[in-house]
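Data block below; observations after.
Number of protein chains: 2
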Amino acid sequence: MIAVPIVDIFNEKVKIGEKIKVTGWVKSRRDSKLGISFIDFYDGSCLKTLQVVVKEKIIQNYRKKILSITTGFSLEIIGNLSLSIGKEQKFELLSTDIKVVGNVKDPENYPISIKKHSFEYLRKVSHLRSRTNIIGSISRIRSDLIYFIHSFLKENGYLLVSTPIITTVDTEKSSKMFCVSSLDLNNLPITKLGKIDFSKDFFGKKTFLTVSGQLNLEAYACSLSKVYSFGPTFRAEPSNTRKHLAEFWMLELEASFLDLSELIQLSENMLKYVFKNILENREEDLLFLSKKTGINILKRLEKFIISDIIQVEFHDVIKILSRMENNLSSKLIEKDISEKQEKYLTEKYFNNSIIIKNHPKGIKPFYMKLNEDQKTVASMDLLIPPLGEIIGGSQREEIYSKICKNMKEKGIKKKNYEWYLDLRRYGTVPHSGFGLGFERLVAYTTGMKNVREVIPFPRTIRNAKF
Amino acid sequence: MIAVPIVDIFNEKVKIGEKIKVTGWVKSRRDSKLGISFIDFYDGSCLKTLQVVVKEKIIQNYRKKILSITTGFSLEIIGNLSLSIGKEQKFELLSTDIKVVGNVKDPENYPISIKKHSFEYLRKVSHLRSRTNIIGSISRIRSDLIYFIHSFLKENGYLLVSTPIITTVDTEKSSKMFCVSSLDLNNLPITKLGKIDFSKDFFGKKTFLTVSGQLNLEAYACSLSKVYSFGPTFRAEPSNTRKHLAEFWMLELEASFLDLSELIQLSENMLKYVFKNILENREEDLLFLSKKTGINILKRLEKFIISDIIQVEFHDVIKILSRMENNLSSKLIEKDISEKQEKYLTEKYFNNSIIIKNHPKGIKPFYMKLNEDQKTVASMDLLIPPLGEIIGGSQREEIYSKICKNMKEKGIKKKNYEWYLDLRRYGTVPHSGFGLGFERLVAYTTGMKNVREVIPFPRTIRNAKF
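Top to bottom, those sequences are chains S and D.
Take the first sequence: its position 24, counting from 1, is numbered 23 in numbering that gives the first Met the number 0, and each next residue is one higher.
Take the second sequence: its position 381, counting from 1, is numbered 380 in numbering that gives the first Met the number 0, and each next residue is one higher.
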C-alpha cells in the first residue's frame, strides 16, 4: 500500500472512509483516560498535522507500544479517514494498525522537543531543525520561490545558463574572495622568486570562488538574448550580521536589447509574479509565519503586488538624507548610502520598498553604463525593508571605447578582461542585468530577521558545521 | 516598439503583414545583382534564422550600410512579415528600416565565422561559442532539461533544498577534494606543532568544496520526506577524459519511506518524463543535433521512453563479464566494473541502458543499506551508452547499530559524523536517494561525446579560463 502525503488529505484527494497508509513523524501524543490516544502526525508535505486516533480496543499491544511513543518517533500508520468531531481539525485518521519504525533515544533530551526553541539554538542543530514547524514552513516557501522564479523566467523566454563557480575573475573587485586550491598547503611549491607557484595548482593558476557570474552571463546574453543563472556565490567577508552569509544563492539575469527602465519593470513584474504564486500556494505557511513573527506577511506581499515600487534618483535621495539630523550630506555623494540610511528611507521616509537609480559613477563598478550627464551610471538598487538591498542591477556599458575608459579610471587591467571586451568588439548590443540575493528574498517572504534561518546549512564566519 | 522574439514568428504568433521589430545578430548575408540583400538573422530564441529581405530601393544608404554587414553584426530591424516564396523558409521579413547596433572589428578574423569549427577550437572561445548553432541548440536543451527536472519533482511533491557547497564533510572519502581558504597562502599561520593553523582560517577549520550534498539532504528527507538539490559539485581529479569535469552540476534526490525498487522506478519515471517533454519542446534542436552528430537522437529518446530499463544483479554482470575474453573474473568481485566493461555491457551485450544493482558491500560507501545476504548492498547504478554511469543511488542504512558497523569496517571515524548519526538516533526511517550527473544527461540528450561541450564554461585540469 502506497502512503498518502498528508497534504493530499487536506486537499481532499482522499475520500472519507477510505483506508489509507500514512508515514511520518510524531509531533505530540496525548491520551484520554478511556484508552484512547491522539497523535499529531506530520510528514513535511504541509504544515498541518494529521490527528491520528488510537484506540486500545483496536490496536494490539496498545499500552506497551503506543504509550511509549514520544515526539520524534517515526511511524507507519494504516487507518480510515474520518471527519473529526473536534473543532481543531477537519479530518482525523482512525488507526487500525500502527508500526513503530524508529524510536527516539533518550526522549527527555531529544533536541527537537515540542517546547519553543530560540533560532540561535536551532542553528546549533541545523540537521534537525527542519523538524520544527517554523523551519518546515520556511523550507516549503524557499523551494516554491525558486520554482516560481524559474516559471516566470521560462514564460518570459529566459534560458538558464550555469555560470562557473571556480573562477579567475573578480567581478566586484572590492569583495574578498575565497581561494580554491588542490595544492598541499603543508608543502607549497615555490617559484625561483620565492612566491607560491600556482602554475602547479590544479588549474595552473590561482583560482577563487565566484562572487558573481555576471560577466559570463553577459557572454551568453550576447548570443541567446535572454539568460539567467541561479547558483551559489561566495564572499569571504568576516562580517557577522543578520543579512550576510559567506555562501549564498543568487539569481542573476542578463538580457540584450534591454535598457534600465525595462530592467526595472522586469524585476518588478518578476517579484509580483512570484509573490502572487506564493500567496496562492503557501497561504497556510504564510499565516503561520505571520502569527509566529508578529508581521502580517500576507498583507506585506499583497501590498507589494498592488503597488508600484517607488523609483528615486540617487541625487534626490541625497537631498532627502541631507535633511536628516547629524548627517554630513556633503560626503554622501562620494559613497553609497549606509545601512542606517537605507533603513531611514525604506522604513521611515517612504515606508515602502524603493528603487534608487542613477548612482554617481565613482561608487559603482566599471561595467555600468555611463549616463549622458557623464556623472552618473544607469544603475538600480531595490531596497526592501527591513533587509535592505535585495536586487542590484544596471544597464551595462556596451561601447568598447567607453568601457575601456571606465576600466582605466578604476585601475582595472584590460589584460584580464580581453575575453569580456570581445563582447564589445563583435556585434555589441545594449544590455542590462541584475543580481538578486535569494536568501534576502526568502527572509522577506517568511518574515525572518536573519538570513541564517532561511538557508538549510548557513556558512558564516567560524561556522561551516554539518 | 517592443522587439518580437524570432521564435514567436515561427510559432505563428505574428500575423502576415504585421509590422514588427526584431533584434539580434547576423548569421550571414548574401546579395543579388538586383539591389536586394538577404540576411539570415538570429536572436537565440530558437535555432531557425529569420530571412530578412533588404531592398536598395527601400533602405537608405543601402550600399554603404548594408553591403558592409558581415557575420556577427548586431542589428535592429523593422519590417513587415511576409510569406516567403523561397522553399527554404516559410516566412521572411521585408525590412523597412535597419539600424546597425554593433559591428565586427576585423571581420576576416572574427572568431565565429560561418565556416565549420572544431569543438576543440570552440572551447578556446567559450565566451563566443554560444553564437554557433550547435552550442545554441545545446544551451536551449540544457536549460529545458533543468526546467523539466524541477517540474517533474514539483509534481511529485519534492522540495528543493539547497545543500552547502563549502563543507567539512567528505562523503565519498575516495574523491579528491578542493580546499577552500581565506588564509594568505604566502604567510600561513603555523601551530606550535608546526602544522598549518586552520583555526585561523575563515571557518575556523579546514574546509573543502563539496563532492555531494547527500548527507545534508538525508537530514531534510528525515523531516520533509521528499527532497532534492540541484547544484555544483567538485572533484579535484587530474583525469582528462570525455566524461569528467572538475566542476559539474548534480541533481541529488532523497526520499524517506522509499526502498531501492521504488527509487529505481522513480528515476526511470523522471528520465522518461524529461525526455518526453524535451522531444515535445525541442524537436527542432534535436533534429539539428541528430544531423550534426550522425546520431538519431530523437529515436534514441523515443526508444528510452517506451522501453523498460533492463535491471541486472551485479553478480549476474560478473557472470556475463567472466565470459569475455581476457577477463579475470575472479578479481571482478573485488572492485566496481571498469569503463571498458561498462561499454561492453551497454553497447554490445545489452545494447541498451541498464541498471546494475546490489553491488558487493566492499566496493560501495558506508551509508548504503546492507542486504539480507550480508554481502551486498541495496545499490543501483544506471549506465547509459556511451557515457556510462549517469545515476548512482542506493537505499541508505537507517539502523544505527548497522551503520556504525559499516563505518568501523571502512575505517571511518564516528566523531566526524555524529550529526549524521543523529538521523538514526531520532525517529529513523528507511530512505533512499540518488545522484544524477547532469552534464552526462545533457550529453546523452544532445548526442555530444564530450561533457565539455554541454557546460558553458568547463573547468578541467589546467583550465579555468573565462
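Here a beta-carbon is modelled for each residue, glycine too, at the ideal position from N, C-alpha and C.
Would you kindly work out how many angstroms separate the C-alpha atoms of S/L327 and S/I319, rounded to a whole number?
Counting from one through the first sequence, the residue named residue 327 of chain S turns up at place 328. Counting from one through the first sequence, the residue named residue 319 of chain S turns up at place 320. Note that S/L327 scores a pLDDT of 49, beneath 50, so its modelled location is shaky and nothing firm can be said.
How would you write the range of the beta strand (DSSP E) that S/F247 sits in, first residue to last?
Counting from 1 along the first sequence, the entry for residue 247 of chain S is found at position 248. Its beta strand (DSSP E) spans residues E246 to S255.
Relative to chain D, which residues along the segment 72-87 of chain S have a C-beta separation below 7 Å, given in chain order?
Of all residues in the segment 72-87 of chain S, F72 and S73 have a Cβ within less than 7 Å of some Cβ in chain D.
Using a C-beta to C-beta distance shorter than 8 Å, which residues of chain S count as neighbours of D/A2?
Residue numbering aside, residue 2 of chain D sits at position 3 when the second sequence is read from its first letter. In chain order: F256.
Just verifying my parser: in three-state terms, what is the DSSP assignment at S/Y227?
As a first step, residue 227 of chain S must be located in the first sequence, where it is residue number 228. Reduced to three states, the DSSP call for S/Y227 is strand.
Does any CB atom of chain S fall closer than 8 Å to the CB of D/H149?
Position 150 of the second sequence holds residue 149 of chain D. Yes, because at least one Cβ of chain S sits closer than 8 Å to the Cβ of D/H149.
Alpha helix (DSSP H) containing S/L265: first to last residue?
Here residue 265 of chain S refers to the residue found at position 266 of the first sequence. Where S/L265 is concerned, the enclosing alpha helix (DSSP H) stretches over L259 to N280.
Are the C-beta of D/P231 and some C-beta of chain S separated by less than 8 Å?
Looking up residue 231 of chain D in the second sequence gives position 232. Taking Cβ atoms only, chain S reaches closer than 8 Å to D/P231, which makes this a yes.
Starting from the beta carbon of S/E91, find every residue of chain D whose beta carbon is closer than 8 Å, and list them in chain order.
Here residue 91 of chain S refers to the residue found at position 92 of the first sequence. The premise fails here: S/E91 is roughly 20 Å from chain D at the closest Cβ pair, so nothing lies under 8 Å.
For chain S, check one thing: does any of its Cβ atoms lie closer than 8 Å to the Cβ of D/F365?
Numbered from its first residue, the second sequence carries residue 365 of chain D at position 366. No, D/F365 lies away from the interface with chain S (no Cβ there is under 8 Å from its Cβ).
Any beta-carbon of chain S closer than 8 Å to the one on D/K194?
If you number the second sequence from 1, residue 194 of chain D lands on position 195. For D/K194, the answer is yes, since a Cβ of chain S falls inside 8 Å of its Cβ.
Can you tell me which of the three DSSP states D/P106 falls into?
The count along the second sequence starts at 1 and reaches residue 106 of chain D at position 107. Looking at D/P106 - three-state DSSP - the assignment turns out to be helix.
Below 8 Å, can you find three or more Cβ-Cβ pairs linking the segment 406-413 of chain S to the segment 428-447 of chain S?
Contact between the segment 406-413 of chain S and the segment 428-447 of chain S is absent, because fewer than three Cβ pairs lie under 8 Å.
Let's test the definition: count the other Cβ atoms within 10 Å of the Cβ of D/Y120 and tell me whether it reaches 16, buried, or not, exposed.
Here residue 120 of chain D refers to the residue found at position 121 of the second sequence. D/Y120 comes out exposed.
Comparing alpha-carbon positions, which option in D/K448, D/I113 and D/F151 lies nearest D/K242?
Within the second sequence, the letter at position 243 stands for residue 242 of chain D. When each option's Cα is compared against that of D/K242, the closest is D/K448.
Flag this pair as yes or no: are the beta carbons of D/G392 and D/L257 separated by less than 8 Å?
The residue given as residue 392 of chain D occupies position 393 in the second sequence. The residue given as residue 257 of chain D occupies position 258 in the second sequence. No, these two residues do not count as a Cβ contact at 8 Å.
Quick one: measure Cβ to Cβ for S/I111 and S/R130, integer angstroms, because I've assumed they're closer than 8 Å.
Along the first sequence, read from residue 1 onward, the residue named residue 111 of chain S stands at position 112. Along the first sequence, read from residue 1 onward, the residue named residue 130 of chain S stands at position 131. Contact flag correct, Cβ pair sits at about 5 Å.
Using a Cβ-Cβ cutoff of less than 8 Å, which residues in the same chain neighbour S/D200 once the five nearest sequence positions on both sides are dropped?
Position 201 of the first sequence, counted from the start, is the residue given in the question as residue 200 of chain S. Within the same chain, S/D200 has close Cβ partners S180, S181, L182 and T206.
Cα separation between S/M0 and D/K89?
For the purposes of this step, residue 0 of chain S is identified with residue 1 of the first sequence, where counting begins at 1. For the purposes of this step, residue 89 of chain D is identified with residue 90 of the second sequence, where counting begins at 1. Looking at the two C-alpha atoms, the distance is approximately 54 Å.
From what residue to what residue does the alpha helix (DSSP H) around D/Q394 run?
Residue numbering aside, residue 394 of chain D sits at position 395 when the second sequence is read from its first letter. No alpha helix (DSSP H) holds D/Q394; the beta strand (DSSP E) holding it covers G387 to R395.
Can you tell me whether D/L214 is buried or exposed? The criterion is at least 16 other CB atoms within 10 Å of its CB, across all chains shown.
For the purposes of this step, residue 214 of chain D is taken as the residue at position 215 of the second sequence. Flag for D/L214 reads buried.
Among the candidates S/P359, S/N357 and S/K291, whose CA atom is the shortest distance from the CA of S/F118?
For the purposes of this step, residue 118 of chain S is identified with residue 119 of the first sequence, where counting begins at 1. Cα-wise, what sits closest to S/F118 is S/K291.
Go through its chain and collect everything with a Cβ distance to S/I402's Cβ below 8 Å, but skip five positions before and after it.
Looking up residue 402 of chain S in the first sequence gives position 403. Result list for S/I402: F365, Y366, E396, L420 and R423, in chain order.
Anything in the segment 127-152 of chain S with a Cβ closer than 8 Å to a Cβ of chain B? List those residues in chain order, please.
Among the protein chains of the structure shown, namely S and D, there is no chain B.
From the DSSP output, which residues share a beta bridge with D/C45?
Within the second sequence, residue 45 of chain D is the residue found at index 46, counting from 1. According to DSSP, which records beta bridges pairwise, D/C45 is partnered with nothing at all.
If we cut at 8 Å on Cβ distances, does D/I45 have a partner in chain S?
Sequence index remark: in the second sequence, residue 45 of chain D carries index 46 (1-based). Checking the sequence, you will find Cys at residue 45 of chain D rather than Ile. It does not; no Cβ of chain S falls within 8 Å.
Chain S partners of D/F456, CB-CB under 8 Å?
For this step, residue 456 of chain D is matched to residue 457 along the second sequence. The contacting residues are T162, P163 and N215.
Tell me which residues of the segment 431-447 of chain S have at least one Cβ-Cβ distance to chain D shorter than 8 Å, keeping chain order.
Listed by position along the chain: nothing, the set is empty.
Should D/K175 be flagged as near chain S, meaning a C-beta pair shorter than 8 Å?
What you label residue 175 of chain D is simply residue 176 of the second sequence in a count that begins at 1. So, interface residue.
How many angstroms separate the CA atom of D/I15 from the CA atom of D/W24?
One-based indexing of the second sequence puts residue 15 of chain D at position 16. One-based indexing of the second sequence puts residue 24 of chain D at position 25. Roughly 23 Å between the two C-alpha positions.
Which of the three DSSP states, helix, strand or coil, is assigned to S/L327?
One-based indexing of the first sequence puts residue 327 of chain S at position 328. Confidence at S/L327 is low in this model, with a pLDDT of 49, below 50, so the placement of that residue is unreliable and no value is reported for it.
Helix or strand or just coil, what does DSSP make of S/S150?
As a first step, residue 150 of chain S is located in the first sequence; it is residue number 151 there, counting from the start. Residue state, collapsed to three classes: helix.
Name the chain S residues that come within less than 9 Å of D/K356, Cβ to Cβ?
The residue you call residue 356 of chain D lines up with position 357 of the second sequence. Near D/K356 there are no residues of chain S at all, since even the closest Cβ is about 21 Å away, more than 9 Å.
Which of the three DSSP states, helix, strand or coil, is assigned to D/Q213?
Taking the second sequence and counting its residues from 1, one reaches residue 213 of chain D at position 214. If DSSP states are grouped into helix, strand and coil, D/Q213 belongs with the helices.
Mapping the DSSP letters down to three states, classify D/I134 as helix, strand or coil.
As a position in the second sequence, residue 134 of chain D is number 135, starting the count at 1. In the structure shown, D/I134 sits in a helix (DSSP, three-state: H, G or I).
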